[in-house]
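Single-structure report; data block below.
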Amino acid sequence: MTTATTDPTPPLISLTWTDQETGHQGHLVIDRLVRGVSSGGLRMRSGCTLEEVTGLARGMTMKEALHYDPQARYIPLGGAKGGIDCDPRDPAAYGVLVRYLRAVRPYIEHFWTTGEDLGLTQDLVDRAAAEAGLVSSVQAVYPLLDDEEAARRRLADAFAIDVDGIGLDELVGGCGVAESVLTALDRAGVSHRETRVAVQGLGTMGGATARFLARAGLRVVAAADIKGTIATPAGLDVEALLAARDGHGTVDRAALRAEDRELPADAWLTTDAEVLVPAAVSYAIDTTNQAGITARWIVEAANMPVVPEAEALLAARGITVLPDVVVNSGTNAWWWWTLFGDIGADADEAFAHTRRSMRTLVDRTLARAESERTTPRAAAHALAADRLPVVAERFGSFR
257 MTTATTDPTP PLISLTWTDQ ETGHQGHLVI DRLVRGVSSG GLRMRSGCTL
307 EEVTGLARGM TMKEALHYDP QARYIPLGGA KGGIDCDPRD PAAYGVLVRY
357 LRAVRPYIEH FWTTGEDLGL TQDLVDRAAA EAGLVSSVQA VYPLLDDEEA
407 ARRRLADAFA IDVDGIGLDE LVGGCGVAES VLTALDRAGV SHRETRVAVQ
457 GLGTMGGATA RFLARAGLRV VAAADIKGTI ATPAGLDVEA LLAARDGHGT
507 VDRAALRAED RELPADAWLT TDAEVLVPAA VSYAIDTTNQ AGITARWIVE
557 AANMPVVPEA EALLAARGIT VLPDVVVNSG TNAWWWWTLF GDIGADADEA
607 FAHTRRSMRT LVDRTLARAE SERTTPRAAA HALAADRLPV VAERFGSFR
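See below:
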């Protein structure tokens, strides 16, 4: 839910493209530039709108600002986002993706660095980008690197790392989400082993989050995909579910155990759990279904999963929402930590750096929320508002 913003001004660039072959539309919003470059993923889902992409782009501006460290090599970029209104399972989807990338190619070459988001994988984005004539989906940042060849090699080596059957690039975001959960639990003095979790989505972000939380001793008691919710009070076999996923994060039900129950798609919301992790779609929690939630924390692994009106109702009931601009910012930051050289192509180093950075950011956000008697989202927006002028003054909009 990044629709609330620290900057009410309209985005720098906003455009809509129409595919001449299928009629599908795609959007690109560049909220702002820093040193002439912006950062933000590309999503594909049926019903994606320009308004949605605009909110996501503003959220990226805040994510970049929140990770600003004057001592780091990684210098924040501006925020941007792309979105294509098409079902990623549609047989025509790949062609639409390639044609969209061709249409916005000048922006990717010079202003917009992008990668996977909802409905797309990085492998698919990379393949389509090559077919569209691009060097890389992040080539706009190359002129900012001290040693482009070494940086590109380091990032490629990092993407080649596999950790227990899953690529490092598919794990770092979930590592950050999990650390956000653990930080909130630790601040509240709640035992990890007594904490139950329900996750919506077992794709890149949700699957990795489930893995890290299970390995930290929490019980993942429910997980939802497009087919429905899988649940058991004793805890799911997370690794078995991850191994049984298809490319869209859907679990093969043949892999379920006798004790695993199949429930309706929205059952994860009302599962007996202390933590809910919406890690799939935007607008998942609204003013109607929020009434059934009994969890203490909602941790936004997806972008904009809780609508503003629902968050107000949840807050009135004492339910804390940890905001997307903080919680799921680890993936974006990892790309730049690696490319700029703050960390090497090493899984242990990546996870350690992600955990340290996310714990510091979540702790700072929750502390400010407590001191100002406001929500974590308002606190995160205030932190971003403090940093954005500093970044703008130091680095400027154009290189």
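Going by this note's numbering, the first residue of the sequence shown is number 257, and it counts up by one from there.
From the three backbone atoms N, C-alpha and C, an ideal C-beta is built for every residue, glycine too.
Computed from a predicted structure; not experimentally measured.
C-alpha distance - residue i paired with residue j, whole-angstrom precision
i: P399; j: S270; result: 24 Å
i: L410; j: I364; result: Looking at the sequence provided, one finds Arg at residue 410 rather than Leu. Roughly 21 Å between the two C-alpha positions.
i: A589; j: A478; result: 29 Å
i: V581; j: V531; result: 18 Å
i: T485; j: L438; result: 24 Å
i: L492; j: V533; result: 15 Å
i: P362; j: G473; result: 47 Å
i: A568; j: A328; result: 36 Å
i: P266; j: A487; result: 43 Å
i: A412; j: I575; result: 41 Å
i: D442; j: S302; result: 39 Å
i: G652; j: V352; result: 35 Å
i: E426; j: L622; result: 27 Å
i: R629; j: A571; result: 12 Å
i: R383; j: T506; result: 22 Å
i: W273; j: G503; result: 27 Å
i: L644; j: P332; result: 10 Å
i: A480; j: G445; result: 28 Å
i: L284; j: R449; result: 43 Å
i: Q395; j: V646; result: 26 Å
i: T460; j: D402; result: 31 Å
i: W553; j: R650; result: 37 Å
i: V360; j: R314; result: 19 Å
i: T310; j: H609; result: 30 Å
i: A490; j: V476; result: 9 Å
i: M257; j: L525; result: A caution first: M257 carries a pLDDT of 41, below 50, which makes its placement in the model unreliable, though a value can still be read off. The alpha-carbon atoms of M257 and L525 are separated by roughly 17 Å.
i: T317; j: L390; result: 24 Å
i: I417; j: D602; result: 8 Å
Terminal residues of the alpha helix (DSSP H) in which residue i lies
i: S392; result: From DSSP, S392 is part of no alpha helix (DSSP H); its letter is neither H nor E.
i: L497; result: V494 to A499
i: S436; result: V428 to A444
i: W273; result: Note, W273: premise wrong, no alpha helix (DSSP H); beta strand (DSSP E) at I269 to T274.
i: W524; result: It is not in any alpha helix (DSSP H) - W524 carries neither H nor E in the DSSP assignment.
i: H637; result: P632 to F651
i: Y356; result: A349 to A359
i: V381; result: Q378 to E387
i: F596; result: G586 to F596
i: F468; result: T460 to R471
For residue i: DSSP bridge partner residues
i: R517; result: A487
i: V577; result: I554
i: A625; result: Note: A625 sits in no beta bridge, so no partner.
i: D341; result: R301
i: W368; result: S294
i: D602; result: Looking at the DSSP assignment, D602 forms no beta bridge with any residue, so it has no partner.
i: D418; result: G423
i: V562; result: I541
i: C507; result: Going by the sequence as given, residue 507 is Val instead of Cys. Looking at the DSSP assignment, V507 forms a beta bridge with R501.
i: G334; result: S294
Residue i, enclosing beta strand (DSSP E) - first and last residue
i: M300; result: L298 to R301
i: L312; result: First-last for L312: L306 to L322, but that is the alpha helix (DSSP H), not the beta strand (DSSP E).
i: I286; result: Q281 to I286
i: P534; result: V531 to P534
i: Q456; result: R452 to Q456
i: D481; result: R475 to D481
Closer than 8 Å to chain C by CB, residue i
i: A466; result: The question asks about chain C, but that chain is absent: this structure has only one protein chain.
C-beta contact flag for residue i and residue j at 8 Å
i: V583; j: S447; result: no
i: G334; j: V290; result: yes
i: T587; j: V428; result: yes
i: S393; j: A406; result: no
i: V494; j: A470; result: yes
i: L424; j: A606; result: yes
i: Y330; j: F654; result: no
i: L268; j: R299; result: no
i: G421; j: A500; result: no
i: A566; j: I541; result: yes
i: T594; j: A336; result: no
i: A529; j: R611; result: no
i: L578; j: V555; result: yes
i: A635; j: A648; result: no
i: G282; j: Y350; result: no
Determine contact between the region 341-352 and the region 278-287, defined as no fewer than three beta-carbon pairs at a distance below 8 Å.
-> Short answer: they touch.
Are three or more beta carbon pairs between the region 287-301 and the region 359-378 nearer than 8 Å?
-> yes
Report yes or no: do three or more beta-carbon pairs, one from the region 511-523 and one from the region 559-566, lie closer than 8 Å?
-> Result no; under three Cβ-Cβ pairs closer than 8 Å.
Indicate whether the contact test is met: 3 or more Cβ pairs, each with one atom in the region 460-469 and one in the region 615-623, closer than 8 Å.
-> Contact fails: fewer than three Cβ-Cβ distances are below 8 Å.
Decide if the region 447-464 is in contact with the region 520-537; the criterion is three or more beta carbon pairs, one per stretch, under 8 Å apart.
-> yes
With a cut-off of 8 Å, do at least 3 Cβ pairs link the region 632-646 to the region 320-331?
-> yes
Are the region 589-601 and the region 540-552 touching, with three or more C-beta to C-beta distances below 8 Å?
-> no
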